[in-house]
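In full-length UniProt numbering, the protein residues as written are 1 to 968.
The beta-carbon is built from N, C-alpha and C at its ideal position, and this holds for glycine as well.
Shown next, in structure tokens, is the structure this report addresses.
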């Protein structure tokens with residue numbers, strides 16, 4: 001085992017490491033005690049270097065995560081827990097905090113995954129013992145703290161923090177809250193002792209104490225006596241960091257401790273909203289007359305957000321203060337006590353005004369020549385930064401937006417907040433400074449979510465007509481506008497505001513004016529940033545619920561397309577490309593683009609698609625940023641690779657939409673996409689298939705449905721789909737639909753249809769749990785039935801009849817109706833076989849003669865009428881019954897008795913005559929409407945092709961195949 005572990009620690013050879021890893025797993029499974037003892041000897045030995053001890057601890061962590069519960073006996077679990085507990089709580093700290101954290105993680109995992117169970121209402125014995133031992137060690141170290149014991153106190157608090165963090169995830173049985181309750185005296189004692197510590201000298205024990213407080217009082221237990229004490233200490237820290245002329249280290253450490261102190265209050269508000277009434281109202285907001293210093297929580301939060309970022313407070317601290325303020329407002333409707341606090345805030349105009357002033361300050365845009373140069377270097381970034389990010393807790397502007405929305409949308413504080421917000425915005429608009437104006441516009445734009453109703457909507461319409469649109473028009477025509485708004489920074493915000501308030505702009509006249517103004521900016525020689533922002537705003541209006549085709553003049557559509565075509569080659573950010581592709585899709589979906597636009601759209605979108613595919617193929621697998629956060633989860637990372645994949649997926653969806661409106665003469669160009677796009681994006685195991693497999697198959701399906709002629713690429717696509725039809729992929733139903741759609745077009749389908757394919761399709765139809773897969777295979781079977789040669793047709797019907805007779809209950813199996821339809825379509829005429837009906841009846845008779853449920857044939861069909869099938873299905877079932885009853889075949893005459901014939905005739909007669917109640921109610925009822933539905937529509941519904949329009953070549957082919965005529 002020593003040799004194996006040494007190979008894993010030192011070897012860079014992948015084959016050696018894989019072999020050693022497999023050997024280690026086998027040893028762990030065969031003798032877990034030997035593994036645990038060997039690694040314990042190394043981890044606990046001071047003679048072993050720290051790096052090796054860390055490696056051994058990491059190896060044991062992995063083992064505990066995977067095999068602790070089921071591989072290690074309970075007694076051995078307790079032994080190892082006690083050993084590592086004593087190692088961490090000995091009188092000498094481990095040589096590094098990193099090693100101590102890893103060993104503490106090992107202990108925490110062992111306790112979390114231990115098989116021991118406690119008595120009802122009590123902790124498991126190993127956890128109870130560990131909690132007591134750690135608590136006693138922490139109290140002893142803290143009460144006797146000296147410069148020489150700071151490291152030991154830090155380690156004890158670190159151990160407690162890591163154990164608490166691991167146990168927080170064990171919610172079963174209320175273990176975590178009980179553990180936290182048992183530690184309340186410990187943490188209270190530590191907190192009292194820490195009041196006299198210098199937070200520079202004792203920074204590390206204070207930091208881990210705060211982390212423990214976060215778990216115990218933030219998530220574990222609500223202690224009404226603790227939070228005021230924490231608030232008092234936080235105020236003292238705030239006063240300390242605000243003193244000028246201090247060493248940087250002192251300020252930074254105080255700021256970090258404040259970040260945790262505020263995070264505890266934020267967590268408390270989020271986890272224990274129903275217990276807020278246990279705190280005095282003065283804890284949240286001052287109840288006095290102003291003569292005494294206000295040391296409430298809201299006053300502290302306001303003081304933090306008013307402090308300069310960088311010199312006094314950090315951005316993270318300000319963000320947490322803003323989010324804590326918001327958290328209080330979030331629960332006002334469910335907690336009467338909190339509602340009273342919010343009412344007090346609404347009646348404290350000075351405090352509320354300070355908050356809104358500071359929020360507005362945070363929402364100002366950066367300006368200046370350097371920023372303009374940055375616009376030209378990375379226009380996509382500076383256009384995208386205007387988009388509101390949900391759940392962004394790391395940037396002060398996003399958190400300020402969240403608090404502004406909470407204030408202006410508050411039940412008890414909105415009136416005061418909205419009034420103050422408009423006053424601040426109007427003042428800044430009149431002041432004339434560029435940054436102030438961008439802040440005011442940012443406030444107005446964000447408040448579209450809370451100001452859109454009532455008098456503010458009318459005010460905005462006046463503002464739009466009198467100020468915003470003239471600014472855009474003046475900028476587009478290079479005329480001199482209002483001198484307050486000459487800046488591109490202001491123009492960017494103006495365009496953004498117009499897009500944000502799209503829902504409040506009603507009426508085609510007003511909306512057309514907006515489109516003309518925004519499109520004029522696209523034609524003007526201006527910054528790419530402004531053009532991207534204008535396209536974003538246009539997208540908002542296109543996708544808005546108030547949209548109508550009359551809103552968008554034809555020249556605006558053309559101008560928008562030309563701008564997208566010019567911009568796409570310049571773009572590289574997946575998010576921006578995705579946004580423009582989404583806009584093109586919106587134009588198609590809103591019927592603003594029709595057949596004839598397809599070539600322009602393909603010219604526009606395909607280069608971007610090819611660049612994205614080529615870039616993905618060049619990117620090595622695993623080249624993604626998976627950087628983790630710190631140990632308390634304060635930081636998160638974005639997955640740029642996922643964004644790139646989403647972009648490619650949306651580009652393919654956009655090309656799919658373009659194909660649906662491509663003119664017939666573009667067919668060869670459309671089918672060139674099979675090799676250029678579909679094949680690389682569906683290659684098994686490739687990065688592209690992980691991102692865009694389903695969209696690529698959807699694209700191919702749209703190509704198949706739009707096809708009018710048989711091309712070599714069409715034949716290749718059919719063979720490709722047949723090869724991929726049995727793959728276990730989520731888009732398998734789309735692959736099957738591609739096969740069925742191409743077989744409709746295929747001039748020689750018999751070359752591709754086989755008995756094996758029929759057997760496979762029938763098995764999938766009757767065995768799958770997926771309705772999408774079943775629908776696709778039903779469509780495939782139906783087309784094979786109608787286009788297959790006689791022998792195969794007989795085999796398919798024989799198989800369908802056998803499956804139909806073998807059903808235990810036609811009501812319980814979803815495929816019962818589909819099998820009956822296949823049998824009914826077997827009676828349709830087939831031009832390639834004059835005596836088809838004789839062959840069909842012989843086939844049916846042969847199955848009935850040998851099937852034990854043959855006498856149930858008619859009864860099973862009749863029972864299908866009980867589930868109220870639609871008119872089209874009813875018609876097919878009636879035809880099946882009529883053919884079965886009228887068949888002059890010896891076997892059928894013998895098997896279908898008089899009772900069955902009478903039952904069938906009654907059902908047929910009742911179906912062909914509408915109910916008398918319907919006749920009395922008239923033809924305008926829902927039932928009558930159902931009877932006169934377009935048969936094409938009902939056929940498409942049956943085949944799962946409802947998304948296709950009636951003029952689609954696929955629809956025409958399908959209707960002809962099944963002798964269905966549309967209602968004119």
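Check, Outcome
"Limits of the alpha helix (DSSP H) - the one that residue 499 falls within", "488–500"
"Alpha-carbon to alpha-carbon, residue 1 and residue 610", "52 Å"
"DSSP-derived helix/strand/coil call for residue 79", "helix"
"Straight-line Cα distance separating residue 697 from residue 618", "22 Å"
"At least 3 beta-carbon pairs within less than 8 Å: the region 314–326 vs the region 394–411", "yes"
"Three-state secondary structure assigned by DSSP to residue 309", "strand"
"Residue 661 to residue 456 span [Cα, whole Å]", "42 Å"
"Residue 952 to residue 370 span [Cα, whole Å]", "54 Å"
"Beta-carbon proximity of residue 699 to residue 733, cut-off 9 Å", "no"
"Own chain partners of residue 279 with C-beta closer than 7 Å, once the 5 adjacent residues on each side are dropped", "224, 227"
"Range covered by the alpha helix (DSSP H) that runs through residue 751", "Unbroken run through residue 751: none, as it is neither H nor E."
"Residue 801 and residue 844 closer than 9 Å at C-beta", "yes"
"Assumed close pair residue 408, residue 418 - CB separation to whole angstroms, cut-off 8 Å", "5 Å"
"Enclosing alpha helix (DSSP H) for residue 108 [first to last residue]", "97–112"
"6 Å CB neighbourhood of residue 623 in its chain, flanking five on each side removed", "Caution applies to residue 623, whose pLDDT of 48 falls short of 50 and renders its modelled position unreliable; the value that the coordinates give is listed next. Closer than 6 Å at the Cβ level, and outside the excluded window around residue 623, lies no residue."
"Cβ pair count under 8 Å reaching 3, the region 358–373 against the region 464–477", "no"
"Residue 379, enclosing alpha helix (DSSP H) - first and last residue", "379–384"
"Spatial neighbours of residue 519 in its chain, beta-carbon cut-off 6 Å, leaving aside the 5 residues before and after", "556, 559"
"C-beta atoms of residue 266 and residue 354 nearer than 9 Å", "no"
"Residue range of the unbroken alpha helix (DSSP H) whose run includes residue 364", "First-last for residue 364: undefined, no H or E at that position."
"Chain-order list of residues whose beta-carbon lies under 6 Å from that of residue 445 (same chain, five-residue window excluded)", "496, 497, 500"
"Close beta carbons around residue 853, own chain, < 6 Å, minus the five adjacent residues each side", "805"
"Reference residue 183; option with closest CA among 204, 229, 134, 150", "134"
"Proximal residues to residue 260 (C-beta, below 8 Å), its chain only, five neighbours per side dropped", "207, 210, 211, 213, 214"
"Inter-residue Cα distance where the pair is residue 411 and residue 232", "30 Å"
"Residues near residue 903 by beta carbon distance below 8 Å, same chain, minus five either side", "858, 859, 862"
"The region 371–380 in contact with the region 522–542 per 3-pair CB rule at 8 Å", "yes"
"Inter-residue spacing [alpha-carbon to alpha-carbon] between residue 896 and residue 711", "49 Å"
"Proximity below 9 Å, CB of residue 717 to CB of residue 678", "yes"
"Extent of the continuous alpha helix (DSSP H) run through residue 33", "32–44"
"Secondary structure of residue 250, DSSP reduced to three states", "helix"
"Rounded straight-line distance, which links the Cα of residue 795 to that of residue 755", "7 Å"
"Spatial distance of residue 60 from residue 54 (CA atoms)", "10 Å"
"Alpha helix (DSSP H) runs wholly inside the region 522–553, at least 4 long, in chain order", "528–543"
"Contacts around residue 962, its chain only, beta-carbon distance under 6 Å, and the 5 residues preceding and following it disregarded", "none"
"Closest Cα partner of residue 870 within the set 954, 942, 197", "942"
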